[in-house]
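Worksheet: the structure to be examined is printed underneath.
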Amino acid sequence: MTFMQWDPDFELGIHEFDEHHKHLVDLINLAFDGFAYKAERDEIEAVLDELSDYATYHFAAEEYWMEAHQYPGLAPHREEHQRFCDRVAELREGFRRGEAHLSLEVLQFLHGWLTGHILTTDAAYGRFARELPHG
Ligand SMILES: [Fe+2]
Ligand SMILES: [Fe+2]
Numbered sequence: 003m004t005f006m007q008w009d010p011d012f013e014l015g016i017h018e019f020d021e022h023h024k025h026l027v028d029l030i031n032l033a034f035d036g037f038a039y040k041a042e043r044d045e046i047e048a049v050l051d052e053l054s055d056y057a058t059y060h061f062a063a064e065e066y067w068m069e070a071h072q073y074p075g076l077a078p079h080r081e082e083h084q085r086f087c088d089r090v091a092e093l094r095e096g097f098r099r100g101e102a103h104l105s106l107e108v109l110q111f112l113h114g115w116l117t118g119h120i121l122t123t124d125a126a127y128g129r130f131a132r133e134l135p136h137g
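If you're matching positions, the sequence shown starts at 3 in the working numbering and goes up one per residue.
Spelled out as structure tokens, the structure:
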């Protein structure tokens with residue numbers, strides 16, 4: 003069973019970022035598999051670390067693109083990224099201290115956040131990109 007399906011509506015039409023989003027979906031599914039098959043704690047921790055690192059890389063790439071194209075919605079977009087990073091950092095910290103475990107609730111948060119962010123916040127710069135004179 004696939005926890006998070008790729009939705010064609012996620013496509014922004016910017017190849018680089020569509021590939022990043024696919025990879026984020028894959029990592030969320032990997033975390034779900036770890037949860038569903040009761041993987042070792044350090045395995046799950048490694049997946050969460052990778053998800054967090056990759057999300058940071060992806061957000062920086064988007065912000066760089068938005069800055070380069072003088073996208074007017076950059077500031078609130080960056081804040082949304084930051085809030086997600088803060089939440090994930092909290093989760094990782096709790097996990098490392100052994101206080102938290104990967105729950106369905108956490109997985110649903112990751113799934114819901116990514117879905118909502120791509121379909122609204124990222125989709126907005128996707129529309130902006132389509133209106134750029136040089137594509
Ligand atoms: Fe974004
Ligand atoms: Fe994104």
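Glycine included, every Cβ here is placed at the ideal spot set by N, Cα and C.
Inset, instruction - Check whether the Cβ of D55 lies closer than 7 Å to any heavy atom of ligand 2, and answer yes or no. - result: no
Legend entry - 8 Å Cβ cutoff met for Y56 and L26: yes
Inset, instruction - Look at the alpha carbon of F19 and the alpha carbon of R99, and state the distance between them as a whole number of angstroms. - result: 33 Å
Inset, instruction - Taking L104 and G36 to be in contact with their CB atoms under 8 Å, please state how far apart those CB atoms are, rounded to whole angstroms. - result: 7 Å
Inset, instruction - Measuring from each Cβ to the nearest heavy atom of ligand 1, keep the ones under 7 Å and list them in chain order. - result: F61, E64, H79, E82, H83, H119, T123, D124
Inset, instruction - Output the boundary residues of the alpha helix (DSSP H) element that contains A125. - result: 125 to 133
Legend entry - Element boundaries [alpha helix (DSSP H), containing G96]: 76 to 98
Legend entry - Which listed residue (A102, G114, W67, L106) has its alpha carbon closest to that of L134: W67
Inset, instruction - Flag this pair as yes or no: are the beta carbons of I30 and L112 separated by less than 8 Å? - result: yes
Inset, instruction - Indicate whether E82 and T117 have their beta-carbon atoms separated by less than 8 Å. - result: no
Legend entry - Where T4 falls: helix, strand or coil (DSSP): coil
Inset, instruction - Taking 8 Å as the cut-off, decide whether the C-beta atoms of H22 and A70 are in contact. - result: no
Inset, instruction - Indicate the three-state DSSP secondary structure (helix, strand or coil) for G137 in the structure shown. - result: Caution is warranted here: a pLDDT of 49 is assigned to G137, below 50, making its placement in the model unreliable, and no coordinate value can be reported.
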